[in-house]
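Undergrad: The following block contains the structure, expressed as structure tokens.
In our numbering, the protein residues as written are 1279 to 1923.
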């Protein structure tokens, strides 16, 4: 098998004065760009130098996030004139900037448009039992304990507004009185049930006032009641968690959870899930929620846009982040230019060999300041640099208020003044400025600590990913696509070196490489030394990855260098109308929508692909291997200025 070098279509980011690398960066680049010492594997390495000029692809934003995002990390401005957006993205990253430079297949690349419609990209979660999540049942489990359907309609909109304000402590009222218009015991019972089930934390009682009956709603146990749904109202025979399948379109998982929380009037933390999914896609995944009935959840289907809930069941356990087996992808690449032979070669290679398990571009951010640079500064304990990288003005696509905030910071270095320019305080910049306002400019560590932990760790994980990408490219360049002595393989959870006498027992699919840390070992060949050189160039000691602040100490991990997708299938179809869907979704099937009749000889051709990937792998990298394309937003917007139509 041959390793194939990245084509030369990738364009380097032009450096402005703000982007000029410091001495450390120059030193690191020199070390990384030493002249090649030859290929010890004896295999030839082909260099692809030509690429179709009209090649197009769109970035997939975040197939599978490992961590829950709690604040806005990147807020690029996708609206407005596509030409100006493309112009702004000239300052972004290309794949080669983050170490993504190699291919494993030898076929000639071809062009195609990914995500011309968000419905061209569908993700189905694969649970830990291997079952693929599908939305195929809207029915609600029959339960005698459930309130009647009238519970959801008995309260007026005005009643609901007043009750919500009471529940969320938004006014000074200690109770809300609801007059019973048609006074019967049954009617009063329904109102009692409606208030208690729709507004967790509120209790009710009946009172006579001036000859009229009123239901009085009041707080049961202070503010804690909102976060802890009423225990005594839940039947003991029923599992505490309602599990359901969430089908969503063009929304990321956290946005969806926040919307559901708002409609149910509960805190988002009573929901659990196994992984976060793409925004610009149709995704299907399992969600669990504590002590909310299937009946209430099903009722949301009448009022939610771009969501559907179904396949309800009650269980005694929540879901845990990361306990999924992976995701099954259904992808349409429209307007492809490849010949049938090219497509067959590309897809057979994907199925038989796989793709390099690079961390995708979304790991590194979309602006001129990559997240790995901030991570490197954290590991160097250079907190002024951390503050500067996050807050300084940067070229590229950003919301206008962020641009103004950065300009104010550069001019005044006044956190209060810069904060006034931000209408959205939940972004990283806003969090850091609030921290600086609270702790002062001489205590940046504490100020940075205001940012939620997952987001702080994202920066150093980005640096680890950056190192790993660069090292795996070097490994494939040096030794090709076979296991060699000195490589690492896993025996159980333990990494061991491949020895000369047992090298024939392993293939490239067994080989792993470490993310740098204090609890990993490194390859015993040239690449082990390359790790040390890269970290030395970044003023880091590979033998001392413990940080003064425990959160930022890196233990490291191991990651397979080649992933072979499972359940790979493909089909080439013809079509005339670029707006028509080319396959049916779960919702289409439930609603009985037929697939449009496609012509046998249409104006355009599309490649429909299906494949399954394990967690923490990037579908963009699989698609990159098929098309032989740079998947960065910078490159794609220059090739296709109608990005994200």
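Glycine included, each C-beta is placed from N, C-alpha and C at the ideal position.
Using CA coordinates, which residue listed in 1842, 1794, 1836 and 1827 is at the minimum distance from residue 1820?
TA: If you number the chain shown from 1, residue 1820 lands on position 542. It is 1794 whose Cα lies nearest to the Cα of residue 1820.
Undergrad: With DSSP run on the structure shown, which of helix, strand or coil describes residue 1770?
TA: The residue you call residue 1770 lines up with position 492 of the chain shown. Residue 1770 falls in the coil class under three-state DSSP.
Undergrad: Measuring straight from C-alpha to C-alpha, what distance separates residue 1540 and residue 1442?
TA: Residue numbering aside, residue 1540 sits at position 262 when the chain shown is read from its first letter. Residue numbering aside, residue 1442 sits at position 164 when the chain shown is read from its first letter. Residue 1540 and residue 1442: Cα-Cα distance of roughly 10 Å.
Undergrad: Apart from the five residues on each side of it in sequence, which residues of its chain come closer than 6 Å, Cβ to Cβ, to residue 1924?
TA: Lying outside 1279 to 1923, the shown extent of the chain, residue 1924 is not represented and no answer is given.
Undergrad: Can you give me the start and stop residues for the alpha helix (DSSP H) that residue 1589 sits inside?
TA: Your numbering for residue 1589 matches position 311 in the chain shown. Careful: residue 1589 lies outside any alpha helix (DSSP H), inside the beta strand (DSSP E) at 1585 to 1593.
Undergrad: Any contact of the stretch 1830 to 1848 with the stretch 1781 to 1796, i.e. 3+ C-beta pairs under 8 Å?
TA: Contact between the stretch 1830 to 1848 and the stretch 1781 to 1796 is present, because at least three Cβ pairs lie under 8 Å.
Undergrad: Three Cβ pairs or more, each shorter than 8 Å: is that satisfied between the stretch 1763 to 1775 and the stretch 1727 to 1738?
TA: No: the two stretches stay apart, fewer than three of their Cβ pairs being nearer than 8 Å.
Undergrad: Any contact between the stretch 1647 to 1662 and the stretch 1864 to 1882? By contact I mean 3 or more CB pairs, one from each, below 8 Å.
TA: Touching, no, given that fewer than three Cβ pairs across the two stretches are closer than 8 Å.
Undergrad: Any chance you could list the beta strand (DSSP E) runs of at least 3 consecutive residues sitting entirely within the stretch 1643 to 1704, in chain order?
TA: Fully enclosed beta strand (DSSP E) runs of 3 or longer: not present.
Undergrad: Can you tell me whether residue 1712 is helix, strand or coil according to DSSP?
TA: Counting from 1 along the chain shown, the entry for residue 1712 is found at position 434. In the structure shown, residue 1712 sits in a helix (DSSP, three-state: H, G or I).
Undergrad: Alpha carbon to alpha carbon, how far is residue 1606 from residue 1629?
TA: Position 328 of the chain shown, counted from the start, is the residue given in the question as residue 1606. Position 351 of the chain shown, counted from the start, is the residue given in the question as residue 1629. Using only the alpha carbons, I get a separation of about 14 Å.
Undergrad: Answer yes if the stretch 1431 to 1446 comes into contact with the stretch 1638 to 1645, meaning at least three C-beta pairs across the two stretches below 8 Å, and no otherwise.
TA: Result no; under three Cβ-Cβ pairs closer than 8 Å.
Undergrad: What is the DSSP secondary structure of residue 1552, counted as helix, strand or coil?
TA: As a position in the chain shown, residue 1552 is number 274, starting the count at 1. Residue 1552: coil per DSSP, three-state reduction.
Undergrad: Measure the alpha-carbon distance for residue 1765 versus residue 1897 and round it to whole angstroms.
TA: Position 487 of the chain shown holds residue 1765. Position 619 of the chain shown holds residue 1897. Those two C-alpha atoms are separated by around 26 Å.
Undergrad: Should residue 1924 and residue 1379 be called a contact, given that it needs their Cβ atoms to be closer than 7 Å?
TA: No statement about residue 1924 is possible, as the shown extent of the chain runs from 1279 to 1923 and does not include it.
Undergrad: Can you grab the Cα-Cα spacing for the pair residue 1637 / residue 1817, in whole Å?
TA: As a first step, residue 1637 must be located in the chain shown, where it is residue number 359. As a first step, residue 1817 must be located in the chain shown, where it is residue number 539. Distance between the alpha carbons of residue 1637 and residue 1817 is about 23 Å.
Undergrad: What number of angstroms, rounded off, separates the C-alpha of residue 1770 from the C-alpha of residue 1758?
TA: As a working mapping, residue 1770 is identified with position 492 in the chain shown. As a working mapping, residue 1758 is identified with position 480 in the chain shown. Their Cα atoms are separated by approximately 25 Å.
Undergrad: Mapping DSSP to helix, strand and coil, what is residue 1885?
TA: If you number the chain shown from 1, residue 1885 lands on position 607. Residue state, collapsed to three classes: strand.
Undergrad: From the DSSP output, in three-state form, read off residue 1374 for me.
TA: In the chain shown, counting from the first residue as 1, residue 1374 sits at position 96. In the structure shown, residue 1374 sits in a helix (DSSP, three-state: H, G or I).
Undergrad: Which residues in the same chain as residue 1651 place their Cβ atom closer than 7 Å to its Cβ, once the five residues preceding and following it in sequence are excluded?
TA: Numbered from 1 along the chain shown, position 373 holds the residue referred to as residue 1651. Excluding sequence neighbours, residue 1651 sits near 1667.
Undergrad: Which term fits residue 1530, buried or exposed, when burial requires 16 or more other beta carbons within 10 angstroms of its beta carbon?
TA: As a working note, residue 1530 is residue 252 in the chain shown. By the neighbour-count rule (16 or more Cβ atoms within 10 Å), residue 1530 is buried.
Undergrad: Which first and last residues belong to the alpha helix (DSSP H) in which residue 1957 is found?
TA: The chain is shown from 1279 up to 1923; residue 1957 falls before or after that span and cannot be answered.
Undergrad: Could you check if residue 1683 is buried or exposed, using at least 16 other CB atoms within 10 Å of its CB as the buried criterion?
TA: Indexing the chain shown from 1 puts residue 1683 at position 405. Under this definition residue 1683 is a buried residue.
Undergrad: Roughly how many angstroms lie between the CA atoms of residue 1725 and residue 1696, to the nearest whole one?
TA: For the purposes of this step, residue 1725 is taken as the residue at position 447 of the chain shown. For the purposes of this step, residue 1696 is taken as the residue at position 418 of the chain shown. Approximately 15 Å, taken between the alpha carbons.
Undergrad: Distance, Cα to Cα, residue 1536 vs residue 1527?
TA: Locating residue 1536 in the chain shown gives position 258, where the first residue counts as 1. Locating residue 1527 in the chain shown gives position 249, where the first residue counts as 1. For residue 1536 and residue 1527, the distance between alpha carbons rounds to 15 Å.
Undergrad: Which one or two residues does DSSP pair with residue 1623 in a beta bridge?
TA: To locate residue 1623, count along the chain shown from 1; it is residue 345. BP columns for residue 1623 are empty, so no partner.
Undergrad: Could you name the residues of the same chain whose beta carbon sits closer than 6 Å to that of residue 1560, not counting the 5 residues immediately before and after it, in chain order?
TA: For this step, residue 1560 is matched to residue 282 along the chain shown. Taken in chain order, the residues that qualify are 1397, 1400, 1527 and 1863.
Undergrad: Cutting at 8 Å between CB atoms, please list the residues of its own chain near residue 1854, excluding the five before and the five after it.
TA: Locating residue 1854 in the chain shown gives position 576, counting from the first residue. Counting only Cβ-Cβ distances below 8 Å, and skipping sequence neighbours, we find 1877, 1880, 1881 and 1882.
Undergrad: Thinking C-alpha only, which one of 1679, 1635, 1677 and 1713 is nearest residue 1665?
TA: Taking the chain shown and counting its residues from 1, the one referred to as residue 1665 is at position 387. When only C-alpha atoms are compared, the closest one is 1713.
Undergrad: Assuming residue 1742 and residue 1832 make a contact with CB atoms under 8 Å, what is their CB distance in whole Å?
TA: To locate residue 1742, count along the chain shown from 1; it is residue 464. To locate residue 1832, count along the chain shown from 1; it is residue 554. With a Cβ gap of about 7 Å, residue 1742 and residue 1832 count as contacting.
Undergrad: Look up residue 1907 in the DSSP assignment and say whether it is helix, strand or coil.
TA: For the purposes of this step, residue 1907 is identified with residue 629 of the chain shown, where counting begins at 1. Coil.
Undergrad: Which partner residues does residue 1482 have in the DSSP bridge list?
TA: Residue numbering aside, residue 1482 sits at position 204 when the chain shown is read from its first letter. Residue 1482 is bridged to 1495.
Undergrad: Does DSSP put residue 1725 in a helix, in a strand, or in coil?
TA: Translated into the one-based positions of the chain shown, residue 1725 becomes position 447. It is helical.
Undergrad: In whole angstroms, give me the CA-to-CA distance for residue 1483 and residue 1460.
TA: Residue numbering aside, residue 1483 sits at position 205 when the chain shown is read from its first letter. Residue numbering aside, residue 1460 sits at position 182 when the chain shown is read from its first letter. Residue 1483 and residue 1460: Cα-Cα distance of roughly 17 Å.
Undergrad: Which value, in whole angstroms, describes the spacing of the CA atoms of residue 1800 and residue 1807?
TA: Residue numbering aside, residue 1800 sits at position 522 when the chain shown is read from its first letter. Residue numbering aside, residue 1807 sits at position 529 when the chain shown is read from its first letter. Roughly 9 Å separates the two Cα atoms.
Undergrad: Rounded to the nearest angstrom, how far is the Cβ of residue 1494 from that of residue 1453, given a contact under 8 Å?
TA: Locating residue 1494 in the chain shown gives position 216, counting from the first residue. Locating residue 1453 in the chain shown gives position 175, counting from the first residue. Their Cβ separation, rounded to whole angstroms, is 5 Å, which keeps residue 1494 and residue 1453 in contact under 8 Å.
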